[in-house]
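Participant:
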Amino acid sequence: MNDTDRPWKGKTGGGHFGQKSLIFLFKFLNVRVGYFFAAFAIPFYMLFGRQSYLAIYHFFNQRISCGKLTSFFKTCKNYFSFSQIIVDRFSVLANGKSKFSVTITGQEFFEHYINSKKGFIMASSHVGNFEISGYLLHQDVKKINSLIYGGEAPVFQSYREKQLEKNNVKSIPVTDDLSHLFIINEALDNGEIVSMPCDRLFGSNKYLKCDFLGKETSFPLGAFRLSALKEVDILSIFVIKLSASHYHIFLKPIITDCIPNESMKNKSERLAFLYVNHLETIVKKYPEQWFNYYDFWNN
Amino acid sequence: MKKDQIISIVNDFLINEIEIDETKIKNDAHLKNDLGIDSLDFVDIVVIVEKNFGFKMNAEEMSGVNTLSQFYDFIESKIVDR
Chain V
8 MNDTDRPWKG KTGGGHFGQK SLIFLFKFLN VRVGYFFAAF AIPFYMLFGR QSYLAIYHFF
68 NQRISCGKLT SFFKTCKNYF SFSQIIVDRF SVLANGKSKF SVTITGQEFF EHYINSKKGF
128 IMASSHVGNF EISGYLLHQD VKKINSLIYG GEAPVFQSYR EKQLEKNNVK SIPVTDDLSH
188 LFIINEALDN GEIVSMPCDR LFGSNKYLKC DFLGKETSFP LGAFRLSALK EVDILSIFVI
248 KLSASHYHIF LKPIITDCIP NESMKNKSER LAFLYVNHLE TIVKKYPEQW FNYYDFWNN
Chain C
332 MKKDQIISIV NDFLINEIEI DETKIKNDAH LKNDLGIDSL DFVDIVVIVE KNFGFKMNAE
392 EMSGVNTLSQ FYDFIESKIV DR
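Chain order of the listed sequences is V and C.
Residues 8 to 306, numbered by this note's numbering, are exactly what the first sequence covers, in order.
Residues 332 to 413, numbered by this note's numbering, are exactly what the second sequence covers, in order.
(1) From CYS205/V to PHE47/V, what distance separates their C-alpha atoms?
(2) Which whole-angstrom value describes the C-beta separation of GLN248/V and SER72/V, a residue pair presumed to lie in contact below a C-beta threshold of 8 Å?
(3) Below 8 Å, can you find three or more Cβ-Cβ pairs linking the region 271-279 of chain V to the region 233-241 of chain V?
(4) Examine chain V for any beta-carbon lying closer than 7 Å to the beta-carbon of LEU371/C, and answer yes or no.
(5) GLY126/V and GLY198/V - do their beta-carbons sit closer together than 7 Å?
(6) Within a Cβ cutoff of 8 Å, which residues of the same chain sit near LYS222/V, ignoring the five residues on either side of it in sequence?
(7) In the DSSP assignment, the alpha helix (DSSP H) including CYS83/V goes from what residue to what residue?
(8) Okay, do the region 146-153 of chain V and the region 169-178 of chain V touch, 3+ Cβ pairs below 8 Å being the bar?
(9) With a threshold of 16 other CB atoms inside 10 Å of the CB of HIS253/V, please say whether the residue is buried or exposed.
(10) Less than 7 Å between CB atoms is the rule here; does GLY229/V satisfy it with respect to chain C?
(11) Please list the partners that GLU348/C has in chain V, where partner means a Cβ-to-Cβ separation under 8 Å.
(12) Can you tell me the Cβ-Cβ gap for ILE261/V and SER243/V, rounded? I've got them flagged as a contact below 8 Å.
(13) Give the secondary structure of VAL396/C by DSSP, where H, G and I count as helix, E and B as strand, and everything else as coil.
(14) Where does LEU366/C fall in DSSP's three states?
(15) Who are the neighbours of VAL378/C on chain V, taking C-beta pairs under 7 Å?
(16) With 16 other CB atoms within 10 Å as the buried threshold, where does THR82/V fall?
(17) From SER250/V, GLN91/V, MET203/V and PHE280/V, pick the residue whose C-alpha is nearest to that of THR110/V; which is it?
(18) Would you say VAL484/C lies against chain V (beta-carbon separation less than 7 Å)?
(19) Nearest chain C C-beta to LYS213/V closer than 7 Å, yes or no?
(20) Closer than 7 Å, CB to CB, is LEU233/V near chain C or not?
(21) Rounding to the nearest angstrom, what Cα-Cα distance links TYR86/V and VAL239/V in this structure?
(22) From the DSSP output, which residues share a beta bridge with LEU258/V?
(23) Per DSSP, ILE151/V forms a beta bridge with which residues?
(24) Nearest to VAL378/C by CA position, among PHE226/V, PHE219/V and LEU195/V, is which residue?
(25) Measure the C-alpha to C-alpha separation of TYR64/V and ASP302/V and round it to an integer number of angstroms.
(26) Check whether the Cβ atoms of VAL94/V and TYR42/V sit closer than 7 Å, and answer yes or no.
(27) Looking at the C-beta of LYS259/V, does it have a partner C-beta in chain C at a distance below 7 Å?
(28) Tell me whether the region 280-287 of chain V and the region 115-126 of chain V touch, counting them as touching only if at least three CB pairs, one residue from each stretch, are closer than 8 Å.
(29) Can you pull the DSSP bridge partners for ALA332/V?
(30) Specify the secondary structure class of ASP218/V as computed by DSSP and reduced to three states.
(31) In this structure, how does DSSP classify THR263/V when only helix, strand and coil are distinguished?
(32) Determine the extent of the alpha helix (DSSP H) in which ILE338/C is found, giving its start and end residues.
(33) Nearest CA to the CA of ASP264/V: which residue from ARG277/V, SER123/V, HIS255/V and PHE257/V?
(34) Indicate whether at least one CB of chain C lies closer than 7 Å to the CB of LYS16/V.
(35) Please return the same chain residues whose Cβ sits closer than 8 Å to the Cβ of ARG96/V, not counting the five positions on each side in sequence.
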């Protein structure tokens, strides 16, 4: 299988009615009630989403080196964590603000970047709950332009856009006419923040092949090429759920030494490599919050 | 700026930064189908055009640009307009 064919198709589960109902319900419900009911859906997803189940099971068994039984239980825990993450997203979305407490490691980097005139890139991955970072890191200094791959029901997207705007976040859907590229270019020129996922290949043939958790896989170079080309910095961000009401945000700049006359390709690959190393450290620490439910390593 | 210079700058970038095979660089080459330029390369092109030719491209203007020749002409027309 070609690397660009890695089977994540850019679709998010859940129908129009379900998503609309959840937004309505979480205006009134406590997240713990949501966790309780969401737990009943987990066996359904584990039983009928065979590929997703196997992807996570193999992640624990082969990449984290857990035994078969441990891998099964950790997979259950992973699904349970994911159900809570989804509930949290709907809760934040329904209320337009976060009710969670948060600890931030590296807040000084964020402060430094938002107070500088230059734009910067926030690099995320599908670990933890990055989607609510705009609510948790609420600030009015720089607009956050969040690149999203869509796939949700239009009513959900529209509602999310409205709520995010209240938190100084603008969603930029990836489109076939490439207009999103012009928007992110403009945003960085205007000194704004562009946030984008850096773990899933989606339609690009520019990627870095490197070892990740003991096996070679590919990471998209998009954010890193953009950083090298426009000479803007990259701040990695991981939003990890620690309890029902508490999150921990890890912020770290991805910086390399400056090599004179270095090609853009080389610099972007060095940045990507540093990011992957940092991602590996986070995933090893919080493997139950790895939410790539597809064959990430092309097994 | 003369058209020869525009062609030279664009080709140089395509070969050295986007790593397109020099033999594929032809006037009638289709940007996507023949040169394999993907969305990520497009970001690079937008930035490089801005740096080298001093104007910003937008999605609407680029909608009719499909071949390399059309791309050279597009840049030339934008420079003349300024």
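Glycine is no exception: its CB is placed at the ideal position from the N, C-alpha and C atoms.
These figures come from a predicted structure and were not determined experimentally.
Facilitator: This is what the structure holds:
(1) Looking up residue 205/V in the first sequence gives position 198. Looking up residue 47/V in the first sequence gives position 40. The straight-line gap from Cα to Cα measures roughly 32 Å.
(2) Within the first sequence, the letter at position 241 stands for residue 248/V. Within the first sequence, the letter at position 65 stands for residue 72/V. In the sequence under discussion, the amino acid at residue 248/V is Lys, which differs from the Gln named in the question. The pair is not a contact, with the Cβ atoms about 24 Å apart (cut-off 8 Å).
(3) yes
(4) As a working note, residue 371/C is residue 40 in the second sequence. It does; some Cβ of chain V falls within 7 Å.
(5) For the purposes of this step, residue 198/V is taken as residue 191 along the first sequence, with counting starting at 1. For the purposes of this step, residue 126/V is taken as residue 119 along the first sequence, with counting starting at 1. For GLY198/V and GLY126/V, yes; Cβs fall inside 7 Å.
(6) Translated into the one-based positions of the first sequence, residue 222/V becomes position 215. GLN69, ARG70 and TRP304.
(7) Position 76 of the first sequence, counting from 1, holds the residue named residue 83/V. Where CYS83/V is concerned, the enclosing alpha helix (DSSP H) stretches over 75-102.
(8) yes
(9) Looking up residue 253/V in the first sequence gives position 246. With fewer than 16 other Cβ atoms within 10 Å, it is exposed.
(10) Within the first sequence, numbered from 1, the residue matching residue 229/V stands at position 222. It does; some Cβ of chain C falls within 7 Å.
(11) In the second sequence, residue 348/C corresponds to position 17, counting from 1. Chain V residues near GLU348/C: SER270, MET271 and LYS272.
(12) As a working note, residue 261/V is residue 254 in the first sequence. As a working note, residue 243/V is residue 236 in the first sequence. With a Cβ gap of about 6 Å, ILE261/V and SER243/V count as contacting.
(13) Numbered from 1 along the second sequence, position 65 holds the residue referred to as residue 396/C. Reduced to three states, the DSSP call for VAL396/C is coil.
(14) By one-based count along the second sequence, residue 366/C stands at place 35. Looking at LEU366/C - three-state DSSP - the assignment turns out to be coil, as it is neither helix nor strand.
(15) Residue 378/C sits at position 47 when you count from the first residue of the second sequence. Residues of chain V passing the Cβ test: ASN192, LEU236 and LYS237.
(16) By 1-based counting over the first sequence, the position of residue 82/V is 75. The residue in question, THR82/V, is buried, as its Cβ has 16 or more Cβ neighbours within 10 Å.
(17) What you label residue 110/V is simply residue 103 of the first sequence in a count that begins at 1. Among SER250/V, GLN91/V, MET203/V and PHE280/V, the Cα nearest to that of THR110/V belongs to SER250/V.
(18) There is simply no residue 484/C to check, as chain C begins at 332 and stops at 413 in what is shown.
(19) For the purposes of this step, residue 213/V is taken as the residue at position 206 of the first sequence. Judged by the 7 Å Cβ criterion, LYS213/V is in contact with chain C.
(20) Sequence index remark: in the first sequence, residue 233/V carries index 226 (1-based). Yes, LEU233/V counts as interfacial toward chain C.
(21) Your numbering for residue 86/V matches position 79 in the first sequence. Your numbering for residue 239/V matches position 232 in the first sequence. Cα-Cα distance, rounded: 36 Å.
(22) Residue 258/V sits at position 251 when you count from the first residue of the first sequence. DSSP lists ILE244/V as partners of LEU258/V.
(23) Sequence index remark: in the first sequence, residue 151/V carries index 144 (1-based). Partner(s): VAL176/V and ILE200/V.
(24) The residue given as residue 378/C occupies position 47 in the second sequence. It is LEU195/V whose Cα lies nearest to the Cα of VAL378/C.
(25) For the purposes of this step, residue 64/V is taken as the residue at position 57 of the first sequence. For the purposes of this step, residue 302/V is taken as the residue at position 295 of the first sequence. Cα to Cα, TYR64/V sits roughly 11 Å from ASP302/V.
(26) Indexing the first sequence from 1 puts residue 94/V at position 87. Indexing the first sequence from 1 puts residue 42/V at position 35. Result yes, Cβ atoms of VAL94/V and TYR42/V sit closer than 7 Å.
(27) On the first sequence, position 252 is the one that residue 259/V refers to. So no, LYS259/V is outside the interface.
(28) no
(29) Chain V is shown only over 8 to 306; residue 332/V falls outside these bounds and no answer can be derived.
(30) For the purposes of this step, residue 218/V is identified with residue 211 of the first sequence, where counting begins at 1. Here ASP218/V sits in strand by DSSP.
(31) Here residue 263/V refers to the residue found at position 256 when the first sequence is read from its first residue. It is coil, neither helix nor strand.
(32) To locate residue 338/C, count along the second sequence from 1; it is residue 7. Run containing ILE338/C: 334-347, per the alpha helix (DSSP H) assignment.
(33) The count along the first sequence starts at 1 and reaches residue 264/V at position 257. Considering only alpha carbons, the answer is ARG277/V.
(34) Your numbering for residue 16/V matches position 9 in the first sequence. Any reading at LYS16/V is ruled out, since the residue's pLDDT is 48, under 50, leaving its predicted position unreliable.
(35) Along the first sequence, one-based indexing puts residue 96/V at 89. So the qualifying residues of the chain are ASN136, GLU138 and ILE139.
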